[in-house]
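Q:
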Amino acid sequence: MSNLVVDIGNTRIKSAVFEGKELFEEHTFSSLDLAVEKWAEISFSKALVSSVKFAEEELKEKLHFSFHFLSSQTPLPISNGYATPQTLGLDRIAAAVGAWSLAGKGPVVAVDLGTCVTYDVVDENGRFLGGVISPGLEMRAKAMNSFTARLPLVELKTKPESFVGDTTTACMQSGVWYGLEYELLGHLEAFRLKFPEIRAFICGGDAHSFVSLAKDHIFVVPNLVLHGLNCILNHNVE
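Just so we're aligned, residue 3 is where the sequence shown starts under the working numbering, counting upward by one.
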């Protein structure tokens with residue numbers, strides 16, 4: 003049985019076709035119109051859509067296929083221990099489910115390096131506990147520029163080779179890049195002290211910049227959210 007899963011963000015749309023638990027093909031689109039053209043060419047049996055941009059009723063008018071719509075009410079393959087589930091970002095729960103699914107069990111932590119950095123934990127009993135939210139790379143750079151009189155807005159194309167900058171711009175770039183790297187390592191170590199068997203899965207737009215952190219218990223999986231959406235879809239159709 004083929005599944006189509008769709009993640010509609012504010013600026014990009016990602017989709018993937020899965021055969022069971024295996025990712026078969028993946029696409030990224032800049033607009034819904036382009037995505038709809040492509041999906042019309044794909045053969046699939048079931049679909050799930052997660053969207054921060056369009057409401058379910060809007061998508062029913064735009065899409066040519068029936069689909070499950072991810073919401074805070076959607077049944078999950080894990081239990082949700084979050085105190086305010088209605089405020090929990092759907093990308094956060096999807097990433098957490100993706101990490102749990104790929105690991106085969108908990109404890110796991112899903113780290114999403116996007117506009118914000120989110121750390122979300124599923125324990126050994128398959129219960130989503132919540133986690134941590136902090137500023138992402140671009141947000142850190144913009145904050146220094148916005149809240150000071152003279153610091154520039156720096157580019158963040160690549161991580162500096164040295165953490166010691168020799169210009170103001172280089173110092174700021176180092177502060178952003180290595181500040182986030184050390185934060186990542188610090189949080190992951192703290193999670194590991196609390197959950198000794200925990201495995202970490204890193205995803206998001208900036209995940210490729212931290213591949214060097216990968217080791218026996220840390221995995222970089224850029225399409226983790228799509229894996230989570232597929233797991234949620236399978237849970238709802240089985």
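Where is the CB? At the ideal position from N, CA and C, for every residue including glycine.
Taking the C-alpha atoms as reference points, what is the distance between V7 and F193?
A: Within the sequence shown, numbered from 1, the residue matching residue 7 stands at position 5. Within the sequence shown, numbered from 1, the residue matching residue 193 stands at position 191. Their Cα atoms are separated by approximately 30 Å.
Q: When you compare each of M3, A143 and F165 to E157 by their alpha carbons, which one comes out closest?
A: Locating residue 157 in the sequence shown gives position 155, counting from the first residue. Checked all of M3, A143 and F165; the closest Cα to E157 is A143.
Q: Using a threshold of 9 Å, state whether the C-beta atoms of G138 and D208 are closer than that.
A: On the sequence shown, position 136 is the one that residue 138 refers to. On the sequence shown, position 206 is the one that residue 208 refers to. A contact, by the Cβ cut-off of 9 Å.
Q: How far does the alpha helix (DSSP H) with K16 in it extend, from its first residue to its last?
A: Counted from its first residue, the sequence shown places residue 16 at position 14. Note, K16: premise wrong, no alpha helix (DSSP H); beta strand (DSSP E) at I15 to E21.
Q: Could you pull out every unbroken beta strand (DSSP E) segment of at least 3 residues lying fully inside the stretch 9-78, listed in chain order?
A: Listed in chain order, they are 15-21, 24-31 and 48-53.
Q: If you reduce the DSSP assignment to three classes, tell me which class F212 lands in.
A: Position 210 of the sequence shown, counted from the start, is the residue given in the question as residue 212. Of the three classes helix, strand and coil, the one that applies to F212 here is helix, per DSSP.
Q: Could you check whether M146 and G116 sit closer than 9 Å to each other, using their CB atoms as the reference points?
A: Taking the sequence shown and counting its residues from 1, the one referred to as residue 116 is at position 114. Taking the sequence shown and counting its residues from 1, the one referred to as residue 146 is at position 144. Cβ distance not < 9 Å, so G116 and M146 don't count as in contact.
Q: Applying the criterion that 16 or more other CB atoms from any shown protein chain within 10 Å of the CB defines a buried residue, is M174 buried or exposed?
A: Here residue 174 refers to the residue found at position 172 when the sequence shown is read from its first residue. Buried: at least 16 other Cβ atoms inside 10 Å.
Q: Can you tell me whether L34 is buried or exposed, with buried defined as 16 or more other CB within 10 angstroms of its CB?
A: Reading the sequence shown from its first residue, position 32 is the one you call residue 34. Buried is the call here.
Q: Output yes if chain B places a C-beta closer than 9 Å to the C-beta of A172; else output no.
A: The structure shown contains no chain B; it is built from a single protein chain.
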